[in-house]
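To start, the structure under review is shown below, and the notes come after it.
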Amino acid sequence: MNTAKKQAEQIKEISGVNPLKCMKCGKCSASCPSYNEMDIKPHQFVSYVVNEDIESLVNSKSLWKCLSCFACVERCPRDVKPGKLIDAARQVVVRQKGQDYLSPNEIPELLDPDLPQQLLVSAFRRYRR
Amino acid sequence: MSIEKEFRPKIVAFCCNWCSYAGADLAGSSRLAYPADVKIIRVPCSCRVNPMFILRAFQKGADGVIMCGCHPGDCHYSTGNYYARRRMTLLFSMLDYIGVENGRTRVEWVSAAEGVKFSTTMNEFVEKIHSLGENVRLEDLRCKN
Amino acid sequence: MKYSYYPGCTLRTKAKDLDAYARASAVALGFELEEIENWQCCGGVYPLGSDEIASKLSSVRALNEAKEKGQDLVTLCSACHHVIKRVNDDMKNVDDIRTRANNYMQLEEPYAGETEVLHFLEVLRDRVGFDKIKEKVVNPLTGKKIGAYYGCLLLRPGKILEFDNPENPTIIEDFIRAIGAEPVVYPYRNECCGGYISLKEKDMSKSMCERIMDSADGMGAEMLITACPLCLYNLKKNGNDKLPVVYFTELLAEALGVKEEVAK
Amino acid sequence: MQRIGVFVCHCGSNIAATVDVKKVVEMALLEPGVVHAEDYQYMCSEAGQAKILEAVKEKGLTGIVVCSCSPRMHEATFRKAAERAGVNPYMVEIANIREHCSWIHKDMEEATKKAVILARAAIAKVNLNAPLQPGESRVTKRALVIGGGIAGIQTAIDIADAGYEVDIVEKTPSIGGRMSQLDKTFPTLDCSACILTPKMVEASAHEKINIYTYSEVEKVTGFVGDFTVDIRKKARSVDMNKCTGCGVCQEKCPSKKAPSEFNRGLNTRSAIYTPFAQAIPNVPVIDRDACLKFKTGKCGLCEKVCQAGAIDYAQQDEIITEKYGAIVVATGFDTIKLDKYDEYAYSQSKDVITSLELERIMNAAGPTKGHLERLSDGKAPKEMVFIQCVGSRCADNRGKSYCSKICCMYTAKHAMLIRDKYPDVNVTVFYIDVRTPGKNFDEFYRRAVEEYGVNYIKGQVGKVAPLPNGKLLVQGADLIDNKQILKEADMVVLATAIEPDPSVRKIATMLTASIDTNNFLTEAHPKLRPVESPTAGVFLSGVCQGPKDIPETVAQAGAAAVKAIGLLAKDKLMTNPCTAKADELMCNGCSTCANVCPYGAITYEVKQVNDHGIREDRRIAVVNNALCQGCGACTVVCPSGAMDLQGFSNRQILAEVDAICR
């Protein structure tokens, strides 16, 4: 198995999603609140995994723009759940050392006195291993 | 290569003519595979399945017996599958009591339109029989070749 | 009635109000919240990979403690509720996760999702009953037009959270009616505020929060209420200040006449 | 001992590619009783059947096993061949080595092994077969059509034109069905009522057609050729013979708040009502839940104003029992409920409507008298958005897994009609795929785009948000331009999935007709017997069998009629000879078998028997072969083992079990 194929399989496994169920209706992209910030759009995530272009996915800006708000997961008529694929791709990245999107050094300047712990905790979970 | 022979279970499936046999046909024409270990016997209705047939199957070395009929309420003969359901519940608990595990017997309702269900049911059942291994209870050793 | 209670990290620090008003209201409504001993942080987000176990264990511990006490587990923070409810669903329905988590936990009796997880709002709706709350209200918030902000964590995925209709929820509106105020329904009440993204992408959160506030304001709301500390923070920090945002428990305490008590 | 011939079919490569047919022949020859075995490319062909005749002649076969496709395909073919060869047709058994073997297994060795075992089981069975003679049963020359929509009407007219009596049972107060609710029809834009009303009149005026409206099928017994059906005629509270259809009662009725079913609840009707102007029969019914007379005892205005004296508050439901030779199901469809699709705001805004509701709005007899307007404020819309596939093609348990088939075309129709009548209204259609197979269908859709300027956007809508200004913000995807679209619309129309009318469930159960997971009735064969139910004597017409448009429905209705006529034209039917039979010596007359027989086919007679030299009178079960359908329920409950089923006897089935487990 070549690397791309292996990575695609890994993403399918982590997410538990079968991207072949997609009928390309675009309801995910229609629902996504972060759509305009994304370079690879939610519906494209599915076809990138099908076509095993994981390199583009893991280098995509979209990984860090997805809110995990589950709007696409809730509304997907085919049970494909693009949000889970994005989560899985993000996992692939943060599980590699030195690939974190958030470093502890950044944090002090991002803090403000009202900021709830919940925010930091979840950001750490999303961005780091 | 292992010297031990691979376990190939003997599985008898009783299918009613109107729903489940047709469901099996649909599984076939849709090319939905299931293991060759399953052999189907056609009966007009699930209520035609005499407990004697099932006992005989185990006696002759079957490792699992499954009975399929129309969904409750959809019986071609109106009420046949209700009789079958009650009968099999009793029979299976008796079989369990004498050591033929519950997993070796199964009742499933498969309509003529449920080729997919037929195939998944058979796959599951064969897998279950594999996990239980060869049936040794009830087998009439005199029948062994 | 006694419930096990999981407050979570934020309710100990930045969202002390959310917690304190809830406790006082519970007393007024005649049920007791018994805090789980030595609870640990739920992690804030439901573990993303289906292969992760370790990050689910703190939830399992809390769930199991409630089970041992024979109590339902009540949560208040949306994030905690989301995480714990989903982990519980895994423990109930996903064989692999259940087996592996129990292998780690080494409990006397394996945990298999027996505990019922209830959000505080669900306790109000399903156990106390909004009609009963209406009876106990001493300071009805008559005439106040309030928009409910649900966010995403309480509602989705609807099949697992089973909190309310994820696209047209009504529980907080019913709550608003129970305390004598008037609910304002607006379409963006179940759209995301940006969540954790506001740490690094303030602008994104800003556009989302503004849209939510404009929508509520346009429909005639005078204030927003929420159950989530992060939503509250984002709406206040990144919204356009059109509407005040408070925790729903604060209004409940006010209506029940126990707000002053808490302030002391 | 039988002399058995085994014939193994290649079915081209269907069987031969996975089953070593030569090996099956070779192994079959080793079985007891087998005196002949051969393989041939197509056993069902003339030449294949000739092989059977030849072998019977040469080797004096008494039993025949064909290893081929499912007996549901060709059992009848081979039985006829046997008959031609002078062998009793019930001496034929089929080993299903195609559907149950070659098509589901890939490994040749494995498939061959299984085919050999299946052949063995069939051989073991044939060894115990006995010649059987079918009996005869009569055919009642009358058909029942359940459902009075376009499907039921067309089927009834076609059967009646062939000279047979037909009864239509329709549950609503008028025939006409869904088609009567439509404004225009695709792809020629005829007015629906203009083409349907003549059909309705033709049916009601036909001397061979009898229509029961406001009636439901309550009970069905019997079998092909001889069904007995109870029909409940619900109390109409109006005497059908006296009423002149003047309509004064409806005008004067003070209770006018009941939601109009015909207008999909978009407006109201009176408690005494005919659903629409062209209703047939033109006799109103009283909705007893809405009528003041029935609710409070006061009122009685309709009785006072009725000059014909037709109002009858005391009328009771009536049960009519009738015999039929054939039954056609034409129960039609409804749109799905949208409570699981709240992202489209259907329950939150009056200006989000279904396509069927739009039909009523566009119709001159509808709630807005045919003016396109918003139901919230009566304003004319300027921007309209259509959303396709709402609840269709879903794999998530919220909607239906199938394509509803008609939505692409009616949406193009709606878009075109709106652009035609209101050129200043912009129409946008969000679609996933536009599916237009059908004569002149794609041309129709292209006209909507090219001539009428309808804006088709490839992408689904994620959310419809009601705005403070009363408009609807539609948030959708444009997958071609790769954009998320935010569009303010005045009205949103949802192409809502269709599903079989919920009443079909109960009817299918009464008829023992099988139904699929989506509640569509199953056809006897998906390609070759598409209008017959697997239950003999039951035929399918219209959407109850699967989504279809009007032309297809009418075509299928005609096909179902032909099948029913083919049955009614026969004077006698051959009955299935595989009936139960009691062994007189073993029967002890306990009545257990009669208790489980669903057909009342078992009675008891006192007969003199000779039990090993002792002559005595005994009470013995007797099976009426004309009534027995051969289910075998009696055989298993018989405590003495006296009851057996011919063609599926205990010994035969045990022989199959033994052969499989050997």
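Protein chains in written order, with the working numbering: chain A, 1 to 129; chain B, 130 to 274; chain C, 275 to 538; chain D, 539 to 1200. In this text, a Cβ means the ideal position worked out from N, Cα and C, and glycines have one as well. Quick caveat, the model's predicted, so the values are computed rather than measured.
- By the 16-neighbour rule on beta-carbons within 10 angstroms, residue 187 of chain B is buried.
- When Cβ-Cβ separations below 7 Å define contact, residue 258 of chain B makes no contact with chain D.
- At the C-beta level, residue 255 of chain B and residue 166 of chain B come within 7 Å of one another.
- Only exposed fits residue 3 of chain A, as fewer than 16 other CB atoms lie within 10 angstroms of its CB.
- Per the C-alpha coordinates, the member of A:68, A:70, A:91, A:31 positioned closest to residue 59 of chain A is A:91.
- Flagged as an interface residue toward chain D: residue 206 of chain B, by a C-beta distance shorter than 7 Å.
- If you look at residue 605 of chain D, you'll find it in the beta strand (DSSP E) that goes 601-606.
- The Cβ neighbour count for residue 105 of chain A, taken over all protein chains shown within 10 Å, is under 16; the residue is labelled exposed.
- Excluding five sequence positions before and after residue 77 of chain A, the CB atoms of its chain that fall closer than 8 Å to its own CB belong to 23, 25, 27, given in chain order.
- Between the segment 847-863 of chain D and the segment 417-434 of chain C there are fewer than three inter-stretch CB-CB distances shorter than 8 Å, so the stretches are not counted as touching.
- In the DSSP assignment, residue 927 of chain D falls within the unbroken beta strand (DSSP E) covering 921-928.
- Under the three-pair Cβ rule at 8 Å, the segment 651-662 of chain D counts as touching the segment 569-578 of chain D.
- Just so you know, the alpha carbons of residue 1184 of chain D and residue 732 of chain D end up roughly 56 Å apart.
- Note: residue 1063 of chain D is bridge-paired with D:1067 in the DSSP secondary-structure output.
- If you look at residue 769 of chain D, you'll find it in the beta strand (DSSP E) that goes 764-771.
- From the beta-carbon of residue 82 of chain A, no residue of chain D is found nearer than 7 Å; the closest lies around 12 Å away.
- Spanning the alpha carbons of residue 257 of chain B and residue 232 of chain B requires a straight line of approximately 7 Å.
- The contact set of residue 514 of chain C on chain D, defined by CB atoms closer than 8 Å, is empty, because the minimum CB distance reaches about 15 Å.
- Going by beta carbons, residue 892 of chain D and residue 764 of chain D fall outside the 7 Å limit.
- Residue-level contact by beta carbon holds for residue 1174 of chain D and chain B, with a gap shorter than 7 Å.
- Exclusion of the five residues before and after residue 248 of chain B leaves 156, 161, 163 as the residues of its chain whose Cβ lies within less than 6 Å of its Cβ.
- The Cβ atoms of residue 327 of chain C and residue 374 of chain C lie closer than 7 Å to each other.
- Fully enclosed alpha helix (DSSP H) runs of no fewer than 4 residues occupy 180-188, 209-226 of the segment 164-241 of chain B, in order along the chain.
- Membership of residue 788 of chain D in the alpha helix (DSSP H) is indicated by the continuous run 786-790.
- The three-state reading of DSSP puts residue 424 of chain C in coil, since its state is none of H, G, I, E or B.
- Within chain C, the residues placing a beta-carbon under 7 Å from that of residue 880 of chain D are 439, 441, 442, ordered along the chain.
- At a cut-off of 7 Å, the C-beta of residue 109 of chain A has no neighbouring C-beta in chain C.
- A distance of 7 Å or more separates the beta carbons of residue 737 of chain D and residue 769 of chain D.
- In this structure, residue 925 of chain D and residue 968 of chain D form a Cβ contact; the two beta carbons are roughly 5 Å apart against a cut-off of 8 Å.
- It is roughly 16 Å from the alpha-carbon of residue 496 of chain C to the alpha-carbon of residue 453 of chain C.
- Judged by DSSP in its simplified three-state form, residue 347 of chain C adopts strand.
- Proximity of residue 461 of chain C to chain D, defined by a Cβ-Cβ separation below 7 Å, is satisfied.
- Judged by DSSP in its simplified three-state form, residue 144 of chain B adopts strand.
- Using a Cβ-Cβ cut-off of 8 Å, residue 1019 of chain D is close to nothing in chain A; its nearest Cβ partner there is about 11 Å away.
- Secondary structure of residue 1146 of chain D (DSSP, three-state): strand.
- Shown here, residue 448 of chain C sits in a helix according to DSSP, grouped into three states.
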